[in-house]
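Q:
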Amino acid sequence: MIYTNSDGGSRGNPGKGAIGVIIRDDKNILTKDSLKIGNYVTNNIAEYEALIRALELASRYTDQDITCFLDSELVVKQLLGEYKVKHPDLMRLFLRVQKLQEKFKSIKYIHVNREDFYQKMADELVNKELDKNY
Numbered sequence: 000m001i002y003t004n005s006d007g008g009s010r011g012n013p014g015k016g017a018i019g020v021i022i023r024d025d026k027n028i029l030t031k032d033s034l035k036i037g038n039y040v041t042n043n044i045a046e047y048e049a050l051i052r053a054l055e056l057a058s059r060y061t062d063q064d065i066t067c068f069l070d071s072e073l074v075v076k077q078l079l080g081e082y083k084v085k086h087p088d089l090m091r092l093f094l095r096v097q098k099l100q101e102k103f104k105s106i107k108y109i110h111v112n113r114e115d116f117y118q119k120m121a122d123e124l125v126n127k128e129l130d131k132n133y
């Protein structure tokens, strides 16, 4: 089983944005990744961009079952169909996630607290990117 923890954030909301991703299996962290994603990014867009990057990276390790952990309740509930996606920018990203899902046998989306061990690691990656000279 492959697990992902992804986080996105912006300073200013909208503002400078970055993402952080952890890909792991049952025993090890397989990869960590972080990227700057723009100068005028909302937190919600950053969360989706982080998930998209997590799915892209996870597909390098498996095409079977994965579990994605996010601290964005909005994104998780939209992906589970509990909330509608109303904003056009979020819809575009939502549809990219839908397309990436086709690479896997199954995906679970789970909302976790920001204090989750691996989620904190993903958040630290975001903040390191945002702290760099943008």
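Numbering (numbering that gives the first Met the number 0), first residue to last: 0 to 133.
Beta carbons are placed, not taken as given, at the ideal position from N, Cα and C, and that holds for glycine.
#1: Thinking C-alpha only, which one of Asp-25, Ser-33, Asn-12 and Asn-4 is nearest Ile-18?
#2: Judging by CA-CA distance, which residue of Ile-36, Val-20 and Lys-35 is the nearest neighbour of Leu-29?
#3: Which class does Phe-68 belong to by DSSP, given the choice of helix, strand or coil?
#4: For the beta strand (DSSP E) that Lys-107 lies in, which residues bound it at each end?
#5: Taking Asn-43 as the reference, give the member of Asp-88, Lys-119 and Leu-99 with the closest Cα.
#6: With respect to the alpha helix (DSSP H) encompassing Lys-85, which residues constitute its N-terminal and C-terminal limits?
A: Let's see:
#1: By 1-based counting over the sequence shown, the position of residue 18 is 19. Ranking Asp-25, Ser-33, Asn-12 and Asn-4 by Cα distance to Ile-18 puts Ser-33 first.
#2: As a position in the sequence shown, residue 29 is number 30, starting the count at 1. Closest by alpha carbon: Val-20.
#3: On the sequence shown, position 69 is the one that residue 68 refers to. In this structure, Phe-68 counts as strand in the three-state DSSP scheme.
#4: The count along the sequence shown starts at 1 and reaches residue 107 at position 108. Judged by DSSP secondary structure, Lys-107 falls within the beta strand (DSSP E) whose first and last residues are 105-110.
#5: As a first step, residue 43 must be located in the sequence shown, where it is residue number 44. Residue Asp-88 is the option with its Cα nearest to Asn-43.
#6: Taking the first residue of the sequence shown as position 1, residue 85 is located at position 86. Taken as a continuous stretch (DSSP letters only), Lys-85 belongs to no alpha helix (DSSP H), as it is neither H nor E.
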